[in-house]
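A quick write-up on the structure given underneath.
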Amino acid sequence: MLPANRHAQNSARAGAAEEGTTSHVDASDLTQLGGPLTIGLLILFFGGTLVMSVTISRKKENADGYMTAGNKIGFGISAASMTATWIWASSMYASATSGYTYGISGPIHYGLWGALMILLIYPFGRRIRAVAPRAHTMAEVMHARHGRSSQLMLAGSNVLGSLISLTSNFIAGGALIDMLSPFTFGQGILIIAAGVLLYTLWSGFRASVLTDFAQVLAMLGAVVIIIPAVFFLAGGPTMFVEGAQNLTPQQGNFFSSDAFLNQGAPYIAAVLAYAIGNQTIAQRLFAVREDLIKKTFVTATVGYGATIIGIGMLGVMALYLGIEPLDGDPNNLVPQIAASFLGPVMLCLFFIMIIGSLASTADSDLAALSSIMMADVYGQNIAGKDKANPKTMLLVGRVTMIIATGAALFFASGQMNILDLLVFVGALWGALVFPVIASFYWKKVTNLAFTVSVLAALAVFIPVRFSWISMDGFTGIFFDVLSVIGIGIVLGLMAFGFFGKRVALIVAIVAIAASAPFAIGFLHDYAVLSGSLVAYAVSTIVCTAMSFRSSMNFDFDLIKKRTGDFDTNDPSDSVIETVAPTTDPVDDSDGQSADTARR
Numbered sequence: 001m002l003p004a005n006r007h008a009q010n011s012a013r014a015g016a017a018e019e020g021t022t023s024h025v026d027a028s029d030l031t032q033l034g035g036p037l038t039i040g041l042l043i044l045f046f047g048g049t050l051v052m053s054v055t056i057s058r059k060k061e062n063a064d065g066y067m068t069a070g071n072k073i074g075f076g077i078s079a080a081s082m083t084a085t086w087i088w089a090s091s092m093y094a095s096a097t098s099g100y101t102y103g104i105s106g107p108i109h110y111g112l113w114g115a116l117m118i119l120l121i122y123p124f125g126r127r128i129r130a131v132a133p134r135a136h137t138m139a140e141v142m143h144a145r146h147g148r149s150s151q152l153m154l155a156g157s158n159v160l161g162s163l164i165s166l167t168s169n170f171i172a173g174g175a176l177i178d179m180l181s182p183f184t185f186g187q188g189i190l191i192i193a194a195g196v197l198l199y200t201l202w203s204g205f206r207a208s209v210l211t212d213f214a215q216v217l218a219m220l221g222a223v224v225i226i227i228p229a230v231f232f233l234a235g236g237p238t239m240f241v242e243g244a245q246n247l248t249p250q251q252g253n254f255f256s257s258d259a260f261l262n263q264g265a266p267y268i269a270a271v272l273a274y275a276i277g278n279q280t281i282a283q284r285l286f287a288v289r290e291d292l293i294k295k296t297f298v299t300a301t302v303g304y305g306a307t308i309i310g311i312g313m314l315g316v317m318a319l320y321l322g323i324e325p326l327d328g329d330p331n332n333l334v335p336q337i338a339a340s341f342l343g344p345v346m347l348c349l350f351f352i353m354i355i356g357s358l359a360s361t362a363d364s365d366l367a368a369l370s371s372i373m374m375a376d377v378y379g380q381n382i383a384g385k386d387k388a389n390p391k392t393m394l395l396v397g398r399v400t401m402i403i404a405t406g407a408a409l410f411f412a413s414g415q416m417n418i419l420d421l422l423v424f425v426g427a428l429w430g431a432l433v434f435p436v437i438a439s440f441y442w443k444k445v446t447n448l449a450f451t452v453s454v455l456a457a458l459a460v461f462i463p464v465r466f467s468w469i470s471m472d473g474f475t476g477i478f479f480d481v482l483s484v485i486g487i488g489i490v491l492g493l494m495a496f497g498f499f500g501k502r503v504a505l506i507v508a509i510v511a512i513a514a515s516a517p518f519a520i521g522f523l524h525d526y527a528v529l530s531g532s533l534v535a536y537a538v539s540t541i542v543c544t545a546m547s548f549r550s551s552m553n554f555d556f557d558l559i560k561k562r563t564g565d566f567d568t569n570d571p572s573d574s575v576i577e578t579v580a581p582t583t584d585p586v587d588d589s590d591g592q593s594a595d596t597a598r599r
């Protein structure tokens, strides 16, 4: 219900910005939707997604379709699904938190580098699909390339990442419902979890990608309306003039070193890690038609970047207006800003936007977790690929979804900081990036080199990340040198994806030489960034050193033979296609030349 003094409240907040003071907002001052309206919106959203899921359901689901939808998804569905999956509620909240913490450059650092992550998938993705066209998970490919230890190591990190992602989306949903309705945080996370599980459980990944299409249309439409509305209702351009005194010099500087070192640089380091280590992305890579990979991920790059940077500006507005997060929790910023300035109709639109963003990623996490347990645990390690029973696989997948939902509900009750969770898991995946990428291009990489390099990187990353060791004197310099090497590795791998080995080596050497004079001596003071870069450096050095000494000459054609469908019955049931040309109209000749250069 809209408070009668809404315009007075908005004027008061604008006045606080003019005076350079902090605006303390009480929950009772915020607009709430009311119990019946909230329930109606939730029934409308989750009821609609359930109907969509039922329309594609089959009495006998195909196990491969449950995991990858037949590897033939068309452009419209795949691009929408990738965009919706990565525009999750947690990324919206985290972008706003970044804007509130670091000023105007915060959302740029968050959204731009996140978009770069999506873009980086396609050059590596085409190589991955070329050697494993019908795989289901990245870990499954590692099993075909190396063996069990490498597979389970990657699968374990995927499970951890998806569970953290699922938890953070439940937290976002609980915070939204707690603030905008009479229901509590605990009731909110329970409602969100039940709604997502209900429409995803039977058809798995197929239900996830189909509902993503509708969800992304709703999200993008809402963003186009809501961000300008909040901007003008909060005072328009004058807010940036009158509220400038609420910012520190670093927050007011577009080229803030504080924002870059604490937000931008760690996220750049995490970019490759998310691209390689996230099963929700890998699942879509294996599901989309191979000729549409480039177009799909380029489209998703633009959609994600524009949306997340836009949402992040809500945090910047809160900073200029002098608004403090309700209860001191930055996860409350986005719904708090919406409830402070939007009327009932716009607030309903905002509510659907956030619910859609968190549901689209939560169902992707459930589908990712189920595919890992189906293909990597049961299919490869318990039954064996040739003896795996498709019906048992489906049961494993559905039970996994139920258990994962329960686990995420348990962890969500702790209301952890979303931004910290995202940065941590991204840095953790950094230990896997070089060994995984090298395994797709370099014939000499062995299972032992993969395993030892990842374990060594984790052994160094964890104490550095959590500041368990003193960085005084030589120790700090030593880790700074490793971090500088990590900078070269990160930028070199990015260049390798697009331009090949020669350019990558040049970029890496130049990056190391250019950053060393500035980074050595102080970089160890930034634990998040230093830990991530050290993980890259150690895993690359160890993997390269051990592989150079090996006599391995792996035949990549074996991966195609060792991966593939588990369920050969009714394959047509697993396919979701949209109208798309038989050949990709985007010129891929550059990708072919890059592949040639890499070889």
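Residues 1 to 599, numbered by the numbering used here, are exactly what the sequence shown covers, in order. Where is the CB? At the ideal position from N, CA and C, for every residue including glycine. Everything numeric in this text was worked out from a predicted model, so none of it was measured.
- Per the C-alpha coordinates, the member of G235, A269, V141 positioned closest to V433 is A269.
- Taken in chain order, the whole alpha helix (DSSP H) runs of length 4 or more contained in the stretch 332–420 are 333–341, 344–371, 390–412.
- Here I323 carries a strand assignment [DSSP, helix/strand/coil].
- The Cβ neighbour count for S257, taken over all protein chains shown within 10 Å, is under 16; the residue is labelled exposed.
- Taking 8 angstroms as the cut-off, the beta carbon of T137 is found closer than this to the beta carbon of D376.
- Residue pairing by DSSP puts V288 in a beta bridge opposite I73.
- I402 sits exposed, since fewer than 16 C-beta atoms from the chains shown fall within 10 Å of its C-beta.
- Counting C-beta pairs closer than 8 angstroms gives fewer than three between the stretch 160–167 and the stretch 320–334, which falls short of the contact rule.
- The stretch 227–235 and the stretch 335–353 touch, with three or more beta-carbon pairs separated by less than 8 angstroms.
- With contacts defined by Cβ atoms closer than 8 angstroms, I489 and A516 do not form a contacting pair.
- Each residue's CA atom was taken as its position, placing Q283 and M239 some 43 angstroms apart.
- Note on D212: 16 or more other CB atoms within 10 angstroms of its CB, so buried under the neighbour-count rule.
- With respect to the 8 angstroms criterion, V484 and V534 are not classified as neighbours on the basis of their beta carbons.
- Within the model, the alpha-carbon separation for S90 versus A273 is close to 18 angstroms.
- By the C-beta density criterion, W468 is exposed, having fewer than 16 other C-beta atoms within 10 angstroms.
- Using a Cβ distance threshold of 8 angstroms, K560 and R289 do not count as a contacting pair.
- Per DSSP, A194 is one residue of the alpha helix (DSSP H) stretching across 185–200.
- Judged by beta-carbon spacing, T563 lies within the 8 angstroms limit of A144, meaning their Cβ atoms are closer than that value.
- Beyond the five residues adjoining it in sequence on each side, L261 comes within less than 8 angstroms, by CB distance, of Y526, L529 in the same chain, given in chain order.
- Taking C-alpha positions only, A449 is separated from G34 by approximately 58 angstroms.
- It is roughly 14 angstroms from the alpha-carbon of V316 to the alpha-carbon of P335.
- Taking 8 angstroms as the cut-off, the beta carbon of I487 is found closer than this to the beta carbon of I512.
- Looking at the backbone, the Cα of A222 and that of S95 are separated by about 17 angstroms.
- Ranked by Cα distance from L50, the options S357, S539, R398, L198 are led by L198.
- Look at the beta carbons and you see the stretch 367–383 touching the stretch 123–140: at least three pairs across the two are nearer than 8 angstroms.
- Secondary structure remark: continuous alpha helix (DSSP H) runs of at least 4 residues inside the stretch 481–565, in chain order: 501–519, 527–548, 557–562.
- At the C-beta level, V298 and A84 stay beyond 8 angstroms of one another.
- A direct Cα-to-Cα measurement between S370 and T200 gives close to 11 angstroms.
- Residue environment for S150: buried (at least 16 other C-beta atoms within 10 angstroms of its C-beta).
- In the same chain as I309, and ignoring 5 residues on each side of it, the C-beta atoms closer than 8 angstroms to its own belong to S95, P107, I108, Y110, G111, L112, in chain order.
- A residue is called buried once 16 or more other Cβ atoms fall within 10 Å of its Cβ, and K295 is buried on that count.
- About 5 angstroms separates the beta carbon of V436 from that of I276, a gap short enough to meet the 8 angstroms contact definition.
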